[in-house]
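Written below as structure tokens is the structure these notes are about.
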Amino acid sequence: MTTTPLAEPRLKIAIVITELSRGGAEKVGTKLALGLSRREHQVTAISLKQRPEAPRDSLVLELEQAGIELHFLDQKRGWKALGAVVPIRRLAIAERFDIVQTLLHHAGILGTIGARLAGITNIVQGIRVSDPRSSVQRIDRLMSIAAKRVVCVSESVRQLAEQTGIPSRKLQTILNGVDFPEAIPAIDRTSLPLPVDAPFLLSIGRLEPQKGFAQFLPHLQGVFAQHSNLHWLVAGVGPDQAALAAQAAELGIGARVHFLGFRADTFPLIAASEMLVLPSIYEGMPNVVLETIAAGKALVATQTDGIGEIFTGHPYGCEQVAKSHAEMVPKITKLLSDEPLRNAIGTANQLHARERFTWERMVDEYEQIYREITAPKR
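Quick note: the sequence shown, position 324, residue 324 per full-length UniProt numbering, numbers continuous.
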């Protein structure tokens, strides 16, 4: 899609993000940078962590192909992480950014401090998830003092931010966009660790407590009991993998639960699955759900932050959102037993995604904020 440049002056925008490996917030940061660059703004992307290795560097390659300036700070652990403030401040002074946009919690801390030490006041803070930890909420509130605006990924995240003390006048909700693949290549079933004709449920996400996999596993037994040839594939990496594998083995379902590690081919995996399952305990606006509905597939997800908003006005929202891990079981088994219903939901999902979750709309809304806070005072 060709974007006509705005008549207004182009802006120098820094996007500070924790890392640029493949992930939901990282995809949003990449698409925001690309969209702003196409509108002739000068965009610099700053990653606190080092450059990801192949094959997890696809977002970096996109940015490089578009000619966007990239900086990787190789952030240290613990208190040494504060050292990243120095290169951020140095870059901000040298480039004289009009806007510093932070994404993710650690980037919000270090990016805000570095920008303020450089004398930059047009800071836009991004809150991507409804993190229940009071320590995280306190730091987000503290960083918001220096921000002109705080962009939340969903209305539920915005409400929590307001409850923690961030002024409502600073808060704004901007929903994510999603890619719409023209055609999804068929996956090589022989590459998967299950019989080539076996149906499977799919989950995608980091293997950590937030994603709720440990709470979901005991309930998965009930699904497996009704579908004897069904498997569960989990794509993602994280610190809980060994514990989850041990838990599955202890429950007697270890042979039907498979951890794939990092996968770049998420759309082919989604298309080959019976449905996506997302048992998260808390979220913001999960990109994997947006990717699933964009691919025209059904899903069952727990009713965490942002999930209800995705399905607002959707004719099949109730079939896909569960109030608890236990309630996921009957919803999953119903969809597994009714292929016409799954297909109807998939078609409705894709139409819903095209109406509400475009990258162009997302970039429009961010750009409008940047224009407002850089406009000359009258």
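All C-beta atoms, glycine included, are put in the ideal place defined by N, C-alpha and C.
*Do three or more CB pairs link the stretch 185-197 to the stretch 361-373 at distances below 8 Å?*
Because the criterion of three Cβ pairs below 8 Å is not met, the stretch 185-197 and the stretch 361-373 do not touch.
Our contact map puts Ile369 next to Arg149 with C-beta atoms below 8 Å; I'd like the distance itself, whole angstroms only. The Cβ separation is near 5 Å, so the contact holds.
message = Just verifying my parser: in three-state terms, what is the DSSP assignment at Lys334?
response = Assigned with DSSP and collapsed to three states, Lys334 falls in helix.
In its own chain, which residues sit with a C-beta less than 7 Å from the C-beta of Phe311, not counting the 5 before and 5 after it? Only residues of its own chain outside the window of five on either side were considered, and among them Gly317, Gln320 and Val321 have a CB closer than 7 Å to the CB of Phe311, listed in chain order.
Quiz item: Can the beta-carbon of Tyr282 be found closer than 8 Å to that of Asp131?
Solution: Yes, the pair counts as a contact, with Cβ atoms nearer than the cut-off.
Residue environment, Asn349, which counts as buried when at least 16 other CB atoms sit within 10 Å: With 16 or more neighbouring CB atoms inside 10 Å of its own CB, Asn349 falls in the buried class.
If you count every other CB in all the chains shown that lies within 10 Å of the CB of Ala272, and 16 or more means buried, which is it?
By the 10 Å Cβ count, Ala272 comes out buried.
Examine the ligand NAD and report whether any of its heavy atoms sits within less than 7 Å of the Cβ of Ile310. The ligand NAD is not part of the structure shown, which contains no ligands of any sort.
- Task: Would you mind working out which of Ser134, Glu339, Glu162 and Gln226 sits nearest Ser144, comparing C-alpha positions?
- Result: Among Ser134, Glu339, Glu162 and Gln226, the Cα nearest to that of Ser144 belongs to Glu162.
**Message:** By DSSP's criteria, residue 380 is part of a beta bridge. Which residues make up the other side?
**Reply:** The question about residue 380 has no answer here: the residues shown for the chain are numbered 1 through 378.
Task: Simplified DSSP assignment, three categories, for Met328 - done: In the structure shown, Met328 sits in a helix (DSSP, three-state: H, G or I).
task: Run the CB neighbour count on Trp79, radius 10 Å, all protein chains shown included, and call it buried at 16 or more, exposed below.
output: When all chains shown are included, Trp79 counts as exposed.
- Ignoring anything shorter than 4 residues or poking outside the stretch 237-322, list the alpha helix (DSSP H) runs there in chain order. Segments of the alpha helix (DSSP H) lying fully in the stretch 237-322: 241-250, 266-272, 287-294, 307-310 and 317-320.
Task: Contact between the stretch 122-129 and the stretch 153-160 (3+ Cβ pairs under 8 Å) - done: Yes, since at least three Cβ pairs between the stretch 122-129 and the stretch 153-160 fall closer than 8 Å, the two stretches touch.
In terms of residue numbering, what span does the alpha helix (DSSP H) encompassing His352 cover? It spans Glu339 to Arg356 - the alpha helix (DSSP H) in which His352 sits, taken as one unbroken run.
What number of angstroms, rounded off, separates the C-alpha of Ile68 from the C-alpha of Glu327?
Going from the Cα of Ile68 to the Cα of Glu327 covers about 45 Å.
Between the Cα of Gly205 and the Cα atoms of Gly236, Gln221, Ala198 and Val196, which residue gives the shortest distance?
For Gly205, the nearest C-alpha among the options comes from Gly236.
Subject >> Continuous alpha helix (DSSP H) assignments of at least 4 residues falling wholly in the stretch 140-190 >> reply: As far as the stretch 140-190 is concerned, its whole alpha helix (DSSP H) runs of at least 4 residues are 155-163.
Would you call the stretch 81-97 in contact with the stretch 52-63, where contact means no fewer than 3 C-beta pairs closer than 8 Å? In short, these stretches do not touch, since the Cβ pair count stays below three.
Practice prompt. Mind reading off the beta-carbon distance from Leu244 to Leu207? Whole number of angstroms is fine, and I expect it under 8 Å.
Written response: Sure, about 6 Å apart at Cβ, within 8 Å.
Helix, strand or coil for Thr374 per DSSP?
-> DSSP places Thr374 in helix when its eight states are reduced to three.
Subject >> Simplified DSSP assignment, three categories, for Leu34 >> reply: In this structure, Leu34 counts as helix in the three-state DSSP scheme.
Do three or more CB pairs link the stretch 291-304 to the stretch 219-236 at distances below 8 Å? Not touching, per the Cβ criterion.
Residue nearest to residue 379 in terms of C-alpha spacing, selected from Glu8, Ile17, Leu34 and Glu19
The displayed coordinates of the chain run from 1 to 378. Any statement about residue 379 would go beyond what the structure contains.
Drop a sphere of 10 angstroms on the beta-carbon of Glu8, count the other beta-carbons inside from all chains shown, and report buried for 16 or more, exposed for fewer.
The residue in question, Glu8, is exposed, as its Cβ has fewer than 16 Cβ neighbours within 10 Å.
Q: State yes or no: is the C-beta of Ile270 within less than 8 Å of the C-beta of Ala295?
A: Cβ atoms of Ile270 and Ala295: closer than 8 Å.
Requested in this report: Check whether the Cβ atoms of Ala94 and Val100 lie closer than 8 Å to each other.
Outcome: Their beta carbons are not under 8 Å apart, which means Ala94 does not touch Val100 by this criterion.
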